[in-house]
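Heads up: the protein sequence lines correspond to chains U and R, in order. For the first sequence, the numbering used here gives the first residue as 1, with consecutive numbering after it. For the second sequence, the numbering used here gives the first residue as 115, with consecutive numbering after it. Beta carbons: idealized from backbone N, C-alpha and C, even for Gly. If you're wondering where the values come from, they're calculated on a predicted model, not measured in any experiment. Worksheet: the structure to be examined is printed underneath.
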Amino acid sequence: GAGVSQSPSNKVTEKGKDVELRCDPISGHTALYWYRQSLGQGLEFLIYFQGNSAPDKSGLPSDRFSAERTGGSVSTLTIQRTQQEDSAVYLCASSLRVAGETQYFGPGTRLLVL
Amino acid sequence: QQQVKQSPQSLIVQKGGISIINCAYENTAFDYFPWYQQFPGKGPALLIAIRPDVSEKKEGRFTISFNKSAKQFSLHIMDSQPGDSATYFCAASIGGGSYIPTFGRGTSLIVHP
């Protein structure tokens, strides 16, 4: 594709529900990242996938958060038992090979937990 | 991860003025310093980047100045335009490795017409 795509663009859910956020990276990009951006805040790193290597999960804030990447392409970020403090924009980015290169960001998914 | 400190948090300039955003880092292993621009409702996009083998890089109205000894780098926007109004993030990373880029907290720039 032309760029990184994310779906849904907006998600409203009730506290306690599970949500799944999807990211389609740029074709051929082997590195994929998830970030969280709260209103007016910077980028909080969540998780990093590189090829077939074990993902770097060091940024996940709790065990309610998980992510997987199937076939080295599409990634899904899952938040279980959502809380109001999970409300934020979730950004996905990809880069050609490894961390340390230019990242290409998707438009984000705006999550609102009521 | 080492923190990248970005300032100011917000900046207001008049059209035609110079916008300056500063970042400081601690990890001397960093060798790639990109700046990202983010418009409301959009994801960040690479604006300009520099590696420490040069002290300055210019692309149009945007210039990065890099001071390796001081471990600081800055973004200068010359002849600022209302269309430049956005949030700007600096970042630092180690190229070619598995080090996750560290981002500054962002600077909200407003350029008044």
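Which residues in chain R sit within 7 Å of U:D24, going by Cβ to Cβ distance? By 1-based counting over the first sequence, the position of residue 24 of chain U is 24. Within 7 Å Cβ-Cβ: nothing; U:D24 doesn't reach chain R, min ~13 Å.
Going by CA-CA distance only, name the one from U:E101, U:V19, U:Q80 and U:A88 that's closest to U:P107. The residue given as residue 107 of chain U occupies position 107 in the first sequence. Nearest of U:E101, U:V19, U:Q80 and U:A88 to U:P107, Cα basis: U:A88.
Mind checking which residues open and close the beta strand (DSSP E) that includes R:R219? Here residue 219 of chain R refers to the residue found at position 105 of the second sequence. It is not in any beta strand (DSSP E) - R:R219 carries neither H nor E in the DSSP assignment.
Closest Cα partner of U:S53 within the set U:R64, U:T70 and U:Q84: In the first sequence, residue 53 of chain U corresponds to position 53, counting from 1. Out of U:R64, U:T70 and U:Q84, the CA that lies nearest to the CA of U:S53 is found in U:T70.
Applying the criterion that 16 or more other CB atoms from any shown protein chain within 10 Å of the CB defines a buried residue, is R:I147 buried or exposed? On the second sequence, residue 147 of chain R is found 33 positions in, with the first residue counted as 1. The amino acid occupying residue 147 of chain R in the given sequence is Phe; Ile does not appear at that position. The residue in question, R:F147, is buried, as its Cβ has 16 or more Cβ neighbours within 10 Å.
Can you pull the DSSP bridge partners for U:R110? The residue given as residue 110 of chain U occupies position 110 in the first sequence. Paired residue(s): U:N10 and U:V89.
Can you give me, in chain order, the residues of the segment 60-76 of chain U that have a beta carbon less than 9 Å from any beta carbon in chain R? Per Cβ criterion, the list is empty.
Please state the DSSP three-state secondary structure of U:Q103. In the first sequence, the residue the question calls residue 103 of chain U occupies position 103. Coil at U:Q103, not helix or strand.
With which residues is R:V225 paired in a DSSP beta bridge? By one-based count along the second sequence, residue 225 of chain R stands at place 111. Answer is R:V127.
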